[in-house]
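Notes for the one structure printed next.
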Amino acid sequence: MGKTLFILMNCILNMNTRAPGIAIHMGSIEPVAEKLMEEEHEFLQVPCPEAVFVGLKRWWFTKELYDSAPYRLHCRKLAKAAAEIAKKYHDNGYRIAIVGLSLSPTSGVFYVQSDPSWGGKPFDVGLSPPVARGRGVFIEELEKALEEMGIPYSKHEIPPALIYPRYRVPELPEHSSNPEKALEQTIRIFEGKDQ
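Just so you know, we're using our numbering here: the sequence shown kicks off at 438 and counts up by one.
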């Protein structure tokens, strides 16, 4: 496969930074962390943009709630720092791969939680996530930063079945809702079979 630097979103290795009530692992996504260590991959763990900006005790958000000028600027700063490190790896012959989290309003790569009706007086939003195709705010800024530096990259996302409680796992064409199959799909990322 050659050398690859995986730019990992924070909660892949530290689920405790997720909004309360949606983490299914106590620390890392164990099978993913084990694969990273077993293969001796190079990875860059990005600080959690949401936890840094809002804190650990926060509501479930949609992309529309995060997509503000101050939050986007915050994400841009983190993305530029990550891209500068990625450039050093790229200049030394590494491929760059972004690994985000499906449905995250910040680090979703192909799907985000999106609902323009969220906002105003708090109301019960239900347990099923509002899903839309799209990229999270941080991922958009990271892609811009990498492209501005002329760094080619591949992009991938961890399927919802490995990150969310069962009741929040939607049916998506690209991702299995079965945790075992979702893990197989994820392992292929780190084996270079999903490039």
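All C-beta atoms in this analysis are idealised placements derived from N, C-alpha and C, irrespective of residue type, glycine included.
Collapsing the DSSP output to three states places His-511 in a helix. Pro-468 is not a Cβ neighbour of Thr-499, given a cutoff of 7 Å.
Restricting attention to Gly-464, Asn-453, Ile-595, Pro-484, the CA atom closest to the CA of Val-549 is found in Ile-595.
Within its own chain, the residues whose Cβ lies closer than 7 Å to the Cβ of Gly-439, once the five positions on either side in sequence are excluded, are Arg-532, listed in chain order. Counting the other Cβ atoms within 10 Å of the Cβ of Glu-577 gives 16 or more, which makes it buried. One Cα belongs to Glu-487, the other to Asn-529, and the distance between them is close to 31 Å. In the DSSP annotation of this structure, the continuous segment of the alpha helix (DSSP H) that includes Arg-625 starts and ends at 616–627. Sequence-distant Cβ neighbours of Leu-583 in its own chain, meaning closer than 6 Å and more than five residues away, are Ala-520, Tyr-590. Here Asn-453 is not near Cys-485, since their CB atoms are 7 Å or more apart. According to DSSP, Phe-480 shares a beta bridge with Phe-443. The C-beta separation of Met-586 from Lys-514 comes to about 15 Å, leaving the pair out of contact by the 8 Å criterion. Uninterrupted alpha helix (DSSP H) stretches at least 4 residues long and entirely within the segment 515–551 do not occur.
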